[in-house]
Amino acid sequence: MRGTIKGGERPLGEAKLTLFLAFPGNRTGVLQASSNAAGRFHLPYPKDARPYALLVSPRSAFWEMLVPRPGQDHEVICPPLPLPPESDGWLRSLRIPTWAESRGESIRIGVIDSGCGPHPALSNVTRLGRFLDGDFDPEDRDDVLNHGTHVCGILAMRPQEVWQFSGVAPGASVYCVAVVRKDPKSGANQADIANAIDYLSDEISVDLINI
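Shown next, in the form of structure tokens:
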């Protein structure tokens with residue numbers, strides 16, 4: 002069996018295909034494959050098998066499709082999933098009418114918090130390191146409390162999935178410095194915060210800083 006998978010009007014790569022087979026003697030079987038970058042797939046099956054269903058499961062953004070009694074050559078079109086109203090609805094409450102990936106371009110924002118990520122929708126965030134008790138560790142960048150990731154997401158998240166929220170300025174460049182330990186009761190000391198402000202201002206030349 003061969004065919005093409007489309008998401009709306011374009012080829013859909015990396016879609017998972019599951020072919021359900023019936024064999025003589027009331028036996029059943031399953032074969033799986035994935036579509037290539039051009040949306041094409043190939044699912045060879047034994048001569049004594051009869052395909053009775055093909056399930057197409059896109060990675061994201063499109064509906065799954067079930068094809069009953071599939072033939073030898075198929076074009077399966079998966080309709081796009083609607084964006085949840087919440088994904089950008091909160092932007093409209095700020096009088097931002099539409100989401101635009103370029104909004105915030107050329108703006109450099111510093112964030113002083115608990116760290117950031119890593120998170121696939123925050124690729125525009127540069128995780129600089131952590132100030133603790135006057136020392137700076139550029140390798141200690143992960144978010145220890147999830148608060149800094151949340152803040153960076155509000156500022157500049159670039160949604161990768163239909164269920165993810167949008168940031169206010171996804172085109173901005175964000176630079177995050179951590180200043181707290183994993184223990185939420187420890188907080189941050191003023192000297193580390195001051196060092197982070199100096200670093201973001203003098204070394205990174207940010208336009209504004211969120212603390």
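Taking this note's numbering, I'd label the letters of the sequence shown as residues 2 to 212. Ideal Cβ positions, reconstructed from N, Cα and C, are used throughout, including at glycine. This one's a predicted model, so the numbers in the text were calculated from it and none came from an experiment.
R109 has S174 as its beta-bridge partners, per DSSP. D114 sits buried, since 16 or more C-beta atoms from the chains shown fall within 10 Å of its C-beta. The C-alpha of I108 lies about 37 angstroms from the C-alpha of K7.
The beta carbon of S202 sits closer than 8 angstroms to those of G111 and I210, all from its chain and outside the five residues before and after it, given in chain order. When DSSP states are grouped into helix, strand and coil, Y200 belongs to the helix group. For A122 against Q161, the beta-carbon gap comes to about 5 angstroms, under 8 angstroms, which counts as contact. Segment contact: the region 49–65 against the region 20–32, three or more CB-CB distances shorter than 8 angstroms; contact assigned. If you check the CB distance, R142 and G130 come in under 9 angstroms. In the structure shown, L146 falls within a coil segment according to DSSP collapsed to helix, strand and coil.
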